[in-house]
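Have a look at the structure below before the remarks.
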Amino acid sequence: APKAEPAAPAEPAPGAETPAEEAPKIVLILPGPINDQGWNATAYEGLKLVEKDLGVTMEYVESVQQADFESTFRDYGEKGYDLVFAHGTQFFDAAKAIGPQYPDTFFMVINSEEGVEPNVGGIGIREWEGGYVAGTLAAMNTTSKQMGAIGSFPFPVIEGTLDAFEAAAIAVDPAIKVTKTYVNSWDDIQKGKETALAMIEAGSDLVFCSANQVGLGSIDAAKTKGVKAIGYISPQNEVAPGTVISSVTYNTPGLFKVAVQDFLDGKLTATGKSLGWADGVLDVQWTDGVTDEMKATIETTIQDLKDGKIENPYVPGD
Amino acid sequence: MSALDKRIKDAFLKPGARRWSVYSLLVPIVSVLLALVLGSVLLLFIGINPLEAYWYLIFSNFSNTYNVAEVLVKATPIALTGLAFTFAFRTGLFNIGGEGQMFAGAMAAVFVGLKTGHLPPFVTIGLCLAAAIVAGGIWGFIPGVLKGVFGSSEIIVTIMFNYVAVYLLSFLVDKPLREAAGFYPQTDMIGENAFLPFLIQNTRLHIGLVVAIILSILVYVVLWKTPLGFRLRAVGYNPDGAEYAGINIRRNMILAMVISGALAGVAGFTEINGIHHRMMDNFSRNVGFDGIAASLLGGATPGGVFVSSILLGMLQTGASAMQRGVGVPANIVSIIQALIIILVLAGNMMRPKLEMRLKVKRQEREEREEREARKESQGHQEGGIDA
Amino acid sequence: MDPILRMTGISKYFGTFAANEGVDFDVLPGEIHALLGENGAGKSTLMNVLYGLYRPDKGEIWFDGQTRHFASSRDAILTGIGMIHQHFMLVPVHTVLENIIMGMGKEKGFLVKEAQLEKEVLEIAARYGMEINPRALVSELSVGEQQRVEIVKALFRGTKLLIMDEPTAVLTPQETEELFKTLRRMSDEGMSIILITHKLNEVMSVSNRVTVLRDGKVTNTVMTRDSSEYELTRFMIGRELSPACREGRCCGDKLVLELDHVTCEGEMGNHTLENVSLSVCAGEILGIAGVDGNGQKELAEIVVGLRALKSGRIFLSGEEIAGKSILEIIGKGIGYIPEDRHKRGLVLDFTIGENLILKDYNKKPFTKGGLFDFGKIHGHADDMIKKYSIKTSAAGRESEARKLSGGNQQKIVVAREVDKGPKLLIAVQPTRGVDIGATEFIHKQILKAKENGTAVLLISTELSEINQLSDRIAVVYKGQIMGEIPHEAFEESLIGLMMAGMTYEKAMAANRGTGQGTKASEFLADGHVPAQNAEPTKEQVNA
Amino acid sequence: MNDIMNAAFIVALLSAALRLSVPILFAALGGMFSERSGVVNIGLEGIMLTGAFAGVVGSYFTGSQWLGALVAMLSGIALAALFALITVKVQINQIVSGIAINLLAVGLTSFFFRALFGITTTPITVNAFSPVSLPGLSTLPFVGEVLFSQTALVYIAFLLVPVSWFILYKTSWGLSIRTVGEHPTAADTVGIPVNRVRTLCVLASGALAGLGGAFLSLGQFNMFVDNMISGRGFIAVAAVIFGRWNPKGILIASLIFGVADALQIRLQTAGIGIPYQFLLMFPYLLTVVALTGIVGKTVAPKALGKAYAK
Ligand SMILES: Nc1ncnc2c1ncn2[C@@H]1O[C@H](COP(=O)(O)OP(=O)(O)OP(=O)(O)O)[C@@H](O)[C@H]1O
Ligand SMILES: Nc1ncnc2c1ncn2[C@@H]1O[C@H](COP(=O)(O)OP(=O)(O)OP(=O)(O)O)[C@@H](O)[C@H]1O
Ligand SMILES: [Mg+2]
Ligand SMILES: [Mg+2]
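Here the protein sequences come in this chain order: A, B, C and D.
Numbers given in our numbering equal positions in the first sequence, counted from 1, plus 8.
Numbers given in our numbering equal positions in the second sequence, counted from 1, plus 8.
Numbers given in our numbering equal positions in the third sequence, counted from 1, plus 2.
Numbers given in our numbering equal positions in the fourth sequence, counted from 1, plus 423.
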């Protein structure tokens, strides 16, 4: 790993650095706008968290198009950046192609499950674990035994999340039916609402959605129809109190903090690393609507996940 | 029947063969500067030094070979979709479907590239190109036929077909062409033999640029130097007149759409075989629309299109550089792009008026000078007599 | 008497080109003032200035004793000036009433009170002896009816001075006569009228005074009764006219064009041509007279293949050509001067050179190995420009057809269609809207073609043109041939009756029975609509 | 499939169709005025987005959704004014201008959203419209709920249909608009200020499209998210043509698009075997079919797309 070595001996505590020591140059590359209230926004929060907790400044670029991935990596490589975060697995190919040309830069692809020696690593959230917990909670809150799960695109992480949601629900009660739908959008909030309404009208009494803003639409639908929803990714209990029974949230900011801390400690490895409940990057925010009994079941589930007792139900490509 | 299209076309088919003058260069430059000045208001608002930002916007493009190559990499598909628009435009058709036709070409190229990627480069690349041309052509053919047979507005049909292409592509990468690993909604890499050769080492600049240049010349020659182009333009300017001269309107309209679609299809080919080497959702977005802008900025002439695509390419790479360099948010970049398009086109519209005014002034001055000169010489003579 | 209108020192420039320069012009109350001049002399421009469509660069307009500055046509309308443009300013998809009241929201109220407005409109029309149907769609009206709508439209706005730009270019003699009656009635009521026309006989018969424009400047203003056609011609074109003269028929035996019971259907399934049989010989001109819209356009288009026929056969030099493609038919040696040069005959955005090869662009001298041979194309263009004295701008063969005057545009078409020495020449309204100089020129070209053995099918609503050129004359009415007469038997009233739907025999009887044919024109006036809409009843015909 | 084809399903479908058609209807009616006067407005998408944004801003700062809707209309008018300036006055190509306006709107809304609200992971919510049951009518079986328990904006949208019809066909303004779109030169000769009429029509389209955007952010939701219009403006452009440039036709077209969209969503959630991408294509293919004239010939205003210069 590059810069990490000279940085390692120095104490990470701010102020302890020698003035001659240059601050590490870190950048975050985002595929979308930072105010998408979802994937990219949480990354931006991570950036803020790293600045606050670790005292390290991080730059960012947003809305970088697929065609520009390679040139963007190159640009930061040329400029001698130490650590380049790329926020999404879609960056992996480009990192693989460009990485070898800039051995002094470490490319960290968020959610990638692989790494490439010596300087391309991956770190991600096991999103399916979040979906699994949401599914367990949901299963205890349906009376009609029908639930709707909405995804943005059939990407592996999203498909995995919905599959885990379904598997968890069935584990609680095999009679439960989950309707899964992809809306082909991250931001068409009206489509999210209408899709959820259609599910509710067809008998679902709980909706779950993993698709940035689209989720807001589905929660709105649940509110309109007087059924329940599970908040996801961001804390959404306040979006519709009484409707959102609880939120399963990603601590994406924590992910960045872990990675930057590793970098400062010189512990970054060129491998894929995925974090889950055990690493504290997933969380639940309860509301009063949840009974202690339910909480207990969830806690058990989370513990099982932490212990690796539950398998990822996702099978790619089906 | 197709009154809508006819009218819309009439509005744009004003002869474009304007003579070259200093203003052809000066006016767009002033327009771009004006757009930048307006954009700087927003930049100042969020505390970014506009001069620094614009330094990145413009000069980063020339800072090294790679960046120069990147500009051309961006310009290549824009030039091709720009040519596609230009070709249809010159024949009186408004093809907004460059985006969809490009995707059609890409779908075909990637399919053939996956199947034939093991063949010798010359063969597989040729097959990919041919497939892209055919697919783009078909995506232009359908609106062309609907226009010719039912008089359906090709403007709206091509816009609709953009969406159809996007979803078709999404379906292909989701299901039938999904990578073997079945992981991401994208295809496998095409065979390496199908990769377009690079023009400059260690850049992404590929031979697609040469294809675009050759096609620019070809489009120019066909439109203005051949009977085929004569026929197509006649149909564009005045279908009734063309029919009177024995030209089959329907057939030529369809042909124009097919050629236009095929040109855009080639853009799909260069993007797939030259850059991405596989197909995924949402790749090369907006290239079709950029092509329209390039065409109109370039006065709908092949040369103009080429120059404008380079301008747009610079704008795009420069915008990224500006974002990376001084942290200009992406939304300001799109605002500045919109302003540049609007102001450059506005400048183009005002140019004839401006030139006319200056011409009149010059003539008046000349006349005045002439009069004065005459008076003076008369005065001399009179003086002479007096003396 | 004080003039109602006085324009002094009017100049109007387009760029550096002076369309009007220092024009002085006045009109008296109750006067019909004719404005004459060649194509491009600046007549329309002067009137557009008066009507507020153009702002003059220099000069003053006095109207009703006050100086006026018209910022828009609305100002002109409000002061009492009305204008009927050469190309009617009517919206085809609107009703007659809507066309008349459009733009009058301020005067007539925000809500359109149809019933009341209809009454007002009908009253005005009746006062000047015009009949209109306010509910009809304008697209369904004949040209003459449309013009009446235009006149009512102007009158409805309280016009004191009415400008008419070439109102008779598209009218039949009967319609023209009717129009003039209306104009006289209007002038009797004290209204002033400015009349632009290229037809000197009309000037002589209806106007009180004449102003002649040339190259944007006034050359003369004279009292009509003190002048003559001969003199006006000289004022206008600076020389004398030598009208084209028809020689006797050359040969009458070599049949070139033959139509055998041809029937053709319109869009609504009606017959636009019915059982038409005709023949034209080499070196002969067959004139087809008729009111506009009685199937003339269809007749021409069916021969050249622009329109499909339902039944019947068409032969060119004995060979059946019906059903062949336009391209094939053109290739067999047919020249065609279409009715509408803007719509059909030219690609206005093409250069003169390009327009001159519109039909031959694909052929030998101009194309070589799939590419154009520009040397040949340019040479051809220069030859034609010289030979047919086409007046171009400085750009010469490179100037766009759009930029030429109507007369010169027409010359391009004539040059292209006549110069190849076609077997058959079809000329439809070849001089519509063209000034007398250019008309003379075009007529000569047509006669020259005939002398060279071309068979000519001349279709015109202009009886004088038919008379002047044709060897034989057939009259078409509602798609049928009412009869055919040799040139020697030409008699305007007789043809007029046939144009209104009488067969030759009946028309002969009617014409003879009423002497001089005066009754005939009265009958036409009563019928009001000599064209499609009013078919004469038995009684009327027998009367 | 059986279980979904019952009365309740139909009611729910229609209800969804109605909701989905309202934003299209607003914008399409606006587009109709613009196109009837001769200006093709592809910028509807961007104007709607601006309206959606401005509506939320207005409601946020005034606390009133009504004032929010007003602000949405004003902002729509402002963007339309720019569009009118460049297309009617400067006479740039209308299609490209529309594309540029859309690009501009995406940037401006995002820029000002950040400037005003910062970057958040939870939405800023504001006061929004809630359904108003029309007394008596809303209790009718089936249709009652579908038709008469909607937000005020829905009623306004449907009320605008006869109002637009009346303006277009029964008033001197309407006559002037139609004249300008058919034959601007004729309009000019009778003193109708062609470009002023066009400008006003474009402004009207801005107001209506802005309101259509506000319907999404304030009538359907109580928040703004980036790019929330998601192509509905383009569908509105298609609806103008599909509806043959008259209010009644546009109402029908909007409803058909609404039904198509609602049906598409339901078919997908019902899990039928068709890949969802094909369902998503459906409204676009429907438009193409409409354009083949199978549902009747479309006659565009003659001067559509043609700038008028004297
Ligand atoms: N808008 C314009 N721009 C440039 N030149 C123009 C314009 N309108 C007219 N001209 C030119 O001005 C001259 C006078 O045109 P005008 O229309 O007044 O002629 P006219 O006497 O009415 O001819 P015609 O008998 O053919 O109707 C012509 O040479 C014409 O080419
Ligand atoms: N923008 C223009 N630039 C140059 N010449 C123009 C322009 N507009 C009109 N003209 C010319 O002005 C003249 C007068 O126009 P007008 O409308 O009277 O038609 P015209 O020449 O009489 O033709 P026609 O009789 O065939 O309709 C024509 O010669 C026309 O070509
Ligand atoms: Mg004229
Ligand atoms: Mg004329």
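Just so you know, even glycine gets a beta-carbon here, dropped at the ideal spot from N, CA and C.
Within the chosen limit of 8 Å, ligand 1 reaches the beta carbon of C/K405 through at least one heavy atom.
Taking a contact to require three or more Cβ pairs closer than 8 Å, the segment 707 to 716 of chain D and the segment 154 to 164 of chain B qualify as touching.
Not a single CB atom of chain A sits nearer than 9 Å to the CB of B/P205. CA-CA distance, A/T97 to D/Q488, rounds to 41 Å. Across the set B/Y74, B/L263, B/H284 and B/M364, the C-alpha of B/L263 shows the shortest separation from the C-alpha of B/G100.
Cα atoms of B/N246 and C/M132: separation of roughly 37 Å, rounded to the nearest angstrom. In terms of beta-carbon proximity, A/Y240 stays away from the interface with chain B, with every pair separated by 9 Å or more.
Around the beta-carbon of C/I287, 16 or more other beta-carbon atoms lie within 10 Å, marking it buried. Restricting attention to C/N410, C/M500, C/H489 and C/E179, the CA atom closest to the CA of C/I354 is found in C/N410. For the segment 149 to 161 of chain A, the residues whose beta carbon sits under 8 Å from a beta carbon of chain B are, in order, F161.
Proximity of B/S317 to chain A, defined by a Cβ-Cβ separation below 9 Å, is not satisfied. Within the chosen limit of 8 Å, ligand 1 does not reach the beta carbon of C/I354 with any heavy atom.
Counting only Cβ-Cβ distances below 9 Å, B/A242 has contacts in chain C at V349, F352, E356, L360 and Y363, in chain order.
Interface residue (Cβ-Cβ distance to chain C less than 9 Å): B/T234 is classified as such. Around the beta carbon of C/R346, 16 or more other beta carbons lie within 10 angstroms, which makes this residue buried. With the rule of 3 Cβ pairs closer than 8 Å, the segment 89 to 101 of chain C does not count as touching the segment 47 to 67 of chain C.
Just measuring C-alpha positions, the residue of C/G372, C/A20, C/G67 and C/Q470 sitting nearest B/W232 is C/G372. At a cut-off of 9 Å between C-beta atoms, A/G123 does not count as an interface residue with respect to chain D.
Chain-ordered, the chain D residues with CB closer than 8 Å to the CB of A/M207 read T692.
DSSP places C/N277 within a strand segment (E or B) once states are collapsed to three. Beta-bridge partners assigned by DSSP to B/D182: none are found. C/L7 is outside the set of residues whose beta carbon lies under 9 Å from a beta carbon in chain D. Taken in chain order, the members of the segment 66 to 92 of chain A whose beta-carbon sits within less than 9 Å of a beta-carbon on chain B are E67, Y68, V69, E70, S71, V72, Q73, Q74, A75, D76, E78, S79, T80, R82, D83, Y84, E86 and K87. Non-local beta-carbon contacts of B/D182 in its own chain, meaning distances under 6 Å to residues more than five positions away in sequence, involve P193 in chain order.
Of the residues assessed, C/H87 falls on the buried side of the cut-off, its CB having 16 or more other CB atoms within 10 angstroms. Collapsing the DSSP output to three states places A/V215 in a strand. A/T187 is positioned such that its CB atom lies closer than 9 Å to that of A/M207. In this structure the segment 594 to 603 of chain D does not touch the segment 58 to 78 of chain C; the number of beta carbon pairs closer than 8 Å is below three. Using a cutoff of 8 Å, the CB of C/D4 does not count as near ligand 1, since none of the ligand's heavy atoms is closer than that. Closest in C-alpha terms to A/Y190, from the list D/L557, D/P698, D/G654 and D/F665, comes D/P698.
If one requires a minimum length of 4 residues, the alpha helix (DSSP H) runs lying completely within the segment 241 to 292 of chain A are 260 to 272, in chain order. Annotation: Cβ neighbours of B/L176 in chain D (cutoff 8 Å, chain order): Q700 and M704. Beta-bridge partners assigned by DSSP to A/Q154: A/K185. Under a 10 Å Cβ-count criterion, C/P424 is classified as buried, with 16 or more other Cβ atoms of the shown protein chains found around its own Cβ.
At a cut-off of 9 Å between C-beta atoms, B/R286 does not count as an interface residue with respect to chain C.
Of the residues assessed, D/A685 falls on the buried side of the cut-off, its CB having 16 or more other CB atoms within 10 angstroms.
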